[in-house]
Amino acid sequence: MSIKEFVQKFYKSDALIDSEIMKTYLHPEVKLDWHSTKGLIEMDYNSMLDMANELSRAYVRSKVRISHILAEDDLVSIRYSHFVKTIENPREEMLLAHFSTIWQIKDDKLYRGYQMSQFS
Numbered sequence: 001m002s003i004k005e006f007v008q009k010f011y012k013s014d015a016l017i018d019s020e021i022m023k024t025y026l027h028p029e030v031k032l033d034w035h036s037t038k039g040l041i042e043m044d045y046n047s048m049l050d051m052a053n054e055l056s057r058a059y060v061r062s063k064v065r066i067s068h069i070l071a072e073d074d075l076v077s078i079r080y081s082h083f084v085k086t087i088e089n090p091r092e093e094m095l096l097a098h099f100s101t102i103w104q105i106k107d108d109k110l111y112r113g114y115q116m117s118q119f120s
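Heads up, the sequence shown is in the numbering used here, so the first residue is 1 and it goes up one at a time.
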């Protein structure tokens, strides 16, 4: 599987709301620098799993719509919109945010990430 397919598979899975799935994609030394509306958030392996657990408490479904994905060497750039369905209203899909992320892949895992997000 190419690194581009690997990253697509990650975002198409339920990894963002399921920490057990997320574990299969993360390098043990993963780092994510996320520029969000709250400022810079620096995440590691444990904080990424904690985030997935937190999202799973609020959302019953997660869906990513990828608009752009490019790969070169060990880097994959992806632009996507993240939609969720809440526990309170599982029939309505809600846009969480738009994301642009660059991932470095190491040992067939997500290793270094640089991400920006924007609410719609």
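The beta-carbon is built from N, C-alpha and C at its ideal position, and this holds for glycine as well.
query, result
"Residues bridged to residue 105 (per DSSP)", "110"
"Exposed unless 16 or more other CB atoms sit within 10 angstroms - verdict on residue 7", "buried"
"Per-residue DSSP class, three states only, for residue 91", "coil"
"Residues bridged to residue 58 [DSSP beta-bridge criterion]", "Note: residue 58 sits in no beta bridge, so no partner."
"Same chain, Cβ closer than 6 Å to residue 112, five either side skipped, listed in chain order", "31, 104"
"Length of the line joining the Cα atoms of residue 48 and residue 94", "22 Å"
"Anticipated Cβ contact below 8 Å, residue 82 with residue 62, distance rounded", "7 Å"
"In DSSP terms, what residue 86 is bridged to", "59"
"Residue-level contact to chain C via CB, residue 112, 9 Å cutoff", "Checking the listed chains, one finds no chain C in this structure; it contains a single protein chain."
"Between the CA atoms of residue 2 and residue 54 - distance to the nearest angstrom", "30 Å"
"4-residue-minimum alpha helix (DSSP H) runs that sit fully inside the stretch 27-57, ordered along the chain", "none"
"One or two residues paired with residue 72 in a DSSP bridge", "75"
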